[in-house]
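There are 2 protein chains.
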Amino acid sequence: MVGVRQPRHPDLGEITLMEVMGALSDPIRVGLVRVLADGRERGWSELRAPVAKSTLSHHLRVLRDAGITRTRQEGTRCYVQLRRRDLDARLPGLLNAVFLAADSDNLGAQVSLAEDPSTT
Amino acid sequence: MVGVRQPRHPDLGEITLMEVMGALSDPIRVGLVRVLADGRERGWSELRAPVAKSTLSHHLRVLRDAGITRTRQEGTRCYVQLRRRDLDARLPGLLNAVFLAADSDNLGAQVSLAEDPSTT
DNA sequence: TACGTTGTTCGATATTTGACGAACATCGAA
DNA sequence: TTCGATGTTCGTCAAATATCGAACAACGTA
């Protein structure tokens with residue numbers, strides 16, 4: 000990515016419940032995960048959250064470090080994707096439960112996707 | 000209870016995903032919840048955790064405030080119980096997922112019950 | 001090669017959190 | 001009523017977190 004190369008992605012066995020729970024105890028991050036819920040890869044710049052870009056970068060890092068998302072760099076741009084398969088394998092049912100509760104309370108609604116992907 | 004009366008217990012509708020996730024992102028607290036997993040009420044003094052009693056009190060308060068446990072006072076003693084029904088109603092599947100993951104990793108194993116309940 | 005874009009990293013804060021021991025409050029018992 | 005037991009609360013610290021703006025680094029492009 001831009002700045003530093005090769006963000007660390009913990010592999011399946013390194014994903015821990017404690018870290019995932021901690022990562023998902025912040026509304027911005029839950030919002031980000033919800034936005035990625037459909038499994039599609041999203042561009043960093045599509046993500047809309049009411050925080051400074053350095054803060055958004057921080058949150059995305061927490062998610063990545065916890066093994067919740069995967070970041071891919073392509074040229075100058077980054078793309079983020081939910082590691083749903085890995086999470087479901089390692090922590091069965093957790094993501095579903097979080098989505099269920101978050102959806103019903105519209106938690107993390109402050110986060111959204113840019114309507115127009117070109118709004119990069 | 001001892002010290003101050005009537006600990007606050009959020010009712011069903013006040014339980015939030017964010018607070019529960021935060022409460023369950025600490026190994027001691029996950030350990031406590033695991034110890035209460037069978038639904039039986041336990042005496043405060045039965046709980047064994049590698050922290051000072053003021054710290055244990057703190058953790059039990061975090062769990063109580065999040066709506067995860069219910070505390071009852073009887074004379075000089077306190078009894079704690081998991082609010083499983085409420086949690087399952089408000090956050091379906093979450094507790095199960097946490098138990099599943101915590102059990103398989105033996106998370107929070109530092110917490111246990113006194114072998115002899117009289118070890119009060 | 002000089003720029004502009006895109007995220008990341010670096011301080012700097014302010015807040016929250018975990019932990020401890022000591023003081024305290026409440027209840028039951030001597 | 002004087003103790004002893006049982007938790008809670010308080011004051012204090014250290015460590016972790018959330019945020020921000022500014023400086024940076026890596027790419028693509030003019």
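Residue numbers (our numbering), protein chains in the order written: chain A, 0 to 119; chain B, 0 to 119.
Think of the CB as a built atom: it goes at the ideal place given N, C-alpha and C, for glycine as much as any other residue.
- Taking all protein chains shown into account, A:VAL97 has 16 or more neighbouring C-beta atoms within 10 Å of its C-beta and is therefore buried.
- It is roughly 6 Å from the alpha-carbon of A:LEU46 to the alpha-carbon of A:SER111.
- According to DSSP, residue pairing for B:GLU73 in a beta bridge involves B:ARG76.
- Taking a C-beta distance under 9 Å as the contact criterion, A:ILE67 and A:LEU86 qualify as a contact pair.
- Distance between B:GLU114 and B:ALA48, taken at the CA atoms: about 13 Å.
- Scanning its chain for C-beta atoms nearer than 6 Å, with the 5 sequence neighbours on each side dropped, one finds around B:HIS58 the residues ILE27 and ARG28, in chain order.
- In the structure shown, B:ARG82 falls within a coil segment according to DSSP collapsed to helix, strand and coil.
- For the stretch 2–20 of chain B, the residues whose beta carbon sits under 9 Å from a beta carbon of chain A are, in order, THR15, LEU16, MET17, GLU18, VAL19 and MET20.
- In the DSSP annotation of this structure, the continuous segment of the alpha helix (DSSP H) that includes B:PRO26 starts and ends at 26–34.
- Excluding its 5 nearest sequence neighbours in each direction, A:GLY38 has C-beta neighbours in its own chain below 8 Å: GLN80, LEU81 and ARG83, listed in chain order.
- In the DSSP assignment, no residue is bridged to A:GLY66.
- Of all residues in the stretch 96–116 of chain B, those with a C-beta nearer than 8 Å to a C-beta of chain A are ALA96, VAL97, LEU99, ALA100, ALA101, ASP104 and LEU106, reading in chain order.
- For B:LEU35, the closest Cβ of chain A is not nearer than 9 Å.
- For B:ASP25, the closest Cβ of chain A is nearer than 9 Å.
- Residue contact with chain B for A:VAL29: present (Cβ-Cβ distance below 9 Å to some residue of chain B).
- With the criterion set as a beta carbon lying under 7 Å from some beta carbon of chain A, the stretch 48–62 of chain B has no members that meet it.
- Beta-bridge pairing by DSSP links A:ARG41 to A:VAL79.
- Residue environment analysis places A:LEU11 among the exposed positions, since fewer than 16 neighbouring C-beta atoms fall within 10 angstroms of its C-beta.
- The CB of A:LEU90 comes closer than 7 Å to the CB of ALA96 and ALA100 in chain B, given here in chain order.
- Neighbours of B:LEU86 across chain A, judged by C-beta separation under 8 Å, do not exist; the nearest C-beta is about 10 Å away.
- In this model, A:GLU13 and A:ASN95 are separated by some 20 Å (Cα to Cα).
- In the structure shown, B:ARG47 falls within a strand segment according to DSSP collapsed to helix, strand and coil.
- In this structure A:PRO6 is not in contact with A:THR75, their Cβ atoms being roughly 15 Å apart against a cut-off of 8 Å.
- Residue environment analysis places A:VAL50 among the exposed positions, since fewer than 16 neighbouring C-beta atoms fall within 10 angstroms of its C-beta.
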